[in-house]
Amino acid sequence: MKKYTARVLCAAASSLFVSAQFISVLFISIQSAQAAQTLTEGLQTGSTIKLNFRTRYENVSWDGYEDADAFTLRSRLSYQSGVWNGFALTAEMDNVTAIDHEIDYATWAADPILINGKKAAPIFDPEGTDLNQAVISYSTFNNQIKYGRQRIVLDNSRFIGNVGWRQNEQTYDGISFTNKSIRYTNIFAAHITNVNRVFGNSIPVQGDYKQDTNLFNISYTGFEAGKLTGYAYLIDNVDDPTLVGVGAAANKAAAISSDTYGVRWSSTANPAFMYTLEYAQQKGAGNNPLEYKAKYALIEASTTLGRFVPLIGYEILGSDEGNKGFATPFATLHAFNGWADRFLATPKEGIKDAYASLTTTLAGVQFIAAYHKYEADEKSLAAGPTLGKIIDLGSEWNLSASKKIGAVVYLAKYAKFDNGDWVQKIGTQSLVSDTEKFWFQADWNF
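Oh and the sequence shown: position 121 is 247 in the working numbering, straight run, nothing missing.
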């Protein structure tokens, strides 16, 4: 009933918005002394075409797997039309190609690729061509409505993001509405029918998640001290193949369906000292077979010391007594809990991440060094040496260097994860064993 009501409210708001703005545009057109441009002329005027090429070498050394590397090229063609009576078109195509014409790495969790008789380490950049965006938008005054396949990034992408790190981006099919009519206030609402995930159409088990999801995000910047945001993300995954096992498309476990309500505060008063506080509650919803409640909490602070920007933070993705952890399935996960991507799915015991980073720029090169220390939020319920104990989930070092030269941004990154006492497997393969990753990337924009 709650989901139905949310959809009705979202549809009603969108209908009222479109009706009111259509009447407004019609009235203005009648009153105008000049004839309006034709549709073709209006959309062509101010239109842009952009090209982006991103080449990347990724090397993965993961205990229990055969070492793997990928040398890929992501080619992106983007078109943004001009505006005609508030209407505009956005279209974007992506192609991912293995430059060396070899796919000797796993491109999804249950990929059966073997190297020397061992399962290849995963690198989630499959080959393929995808329609990344196809959006009709209507804007006027302080409002915008979008319909179609679109990029959605909310706040810091911790809950809803585009996973821009992977070669194939995550986008959303649906309708979204943004309103800025109230001073200092941004209201965002969306109804999502499908999530196009980074695995692409070539991966039938994980490429798409069918949705009956509603997203709400309201922020207020009228405070001198900072920005206040409240949100409700009501995820109903109506066709969610589990990540465990080959042939799992027939398994309709919907463990990511959940309702999440939260509030976020980001300081803005003093650029030399910034901090963020966030808290959220989550419970199972929709067709999720699990009934659970879990919390999320974040505290983060940074300052500026000459050329250096140190940052410290503490993030908790809680657990319901060790049975189910707080889930963020549509986040830009690579940006959180370490670049080695060992925690793309929250352990059922939850996770606490204490971290620190240092950023500086020397000779035009930006350097970042970060350290993470992980432990579980709840005691382990699994039989074995960790039974009844808070699990040491390990630690991780991250290093990066980046520099822009002309139209090209060069990036080198390194991640090293050392496992603690955590044991979790798919079949005989450990998900959390010691891992090292290295990337070198060139991002070209035209």
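Positions of the beta carbon are idealized from the N, C-alpha and C atoms, including for glycine.
DSSP links residue 222 through a beta bridge to 200, 254.
In this structure, residue 260 places its C-beta atom within 8 Å of the C-beta atom of residue 217.
Residue state for residue 190 is assigned as coil, using DSSP reduced to three classes.
Each residue's CA atom was taken as its position, placing residue 220 and residue 407 some 36 Å apart. Residue range 491–505 is occupied by the beta strand (DSSP E) that includes residue 501.
As a beta-bridge residue in DSSP terms, residue 406 pairs with 388, 422. Collapsing the DSSP output to three states places residue 475 in coil. Pairwise C-beta distances place the segment 335–349 in contact with the segment 308–327, as three or more of them are shorter than 8 Å. Here residue 271 is buried: its Cβ has 16 or more other Cβ atoms, across all protein chains shown, within 10 Å.
By alpha-carbon distance to residue 424, the top candidate from 531, 515, 388 is 388.
Under the three-state reduction of DSSP, residue 464 is assigned to coil, being neither helix nor strand. In the same chain as residue 493, and ignoring 5 residues on each side of it, the C-beta atoms closer than 6 Å to its own belong to 486, 527, in chain order.
The beta carbons of residue 401 and residue 427 sit closer together than 8 Å. Distance check between residue 533 and each of 569, 500, 495, 204 places 569 closest, using alpha-carbon atoms only. Between residue 479 and residue 460, the C-beta gap is not smaller than 8 Å, which leaves the two residues out of contact. Per the Cβ contact rule, the segment 291–301 is not in contact with the segment 348–362 (fewer than 3 Cβ pairs under 8 Å). For the pair residue 348 and residue 405, the CB atoms are not nearer than the 8 Å cut-off. The beta carbon of residue 195 sits closer than 6 Å to the beta carbons of 185 from its chain, once the five residues preceding and following it are set aside; these are given in chain order. Here residue 285 is buried. Its C-beta has 16 or more other C-beta atoms within 10 Å. Here the C-alpha atom of residue 436 lies approximately 24 Å from the C-alpha atom of residue 350.
Membership of residue 339 in the beta strand (DSSP E) is indicated by the continuous run 334–346.
In this structure the segment 248–255 does not lie against the segment 204–214, because fewer than three pairs of beta carbons, one per stretch, are closer than 8 Å.
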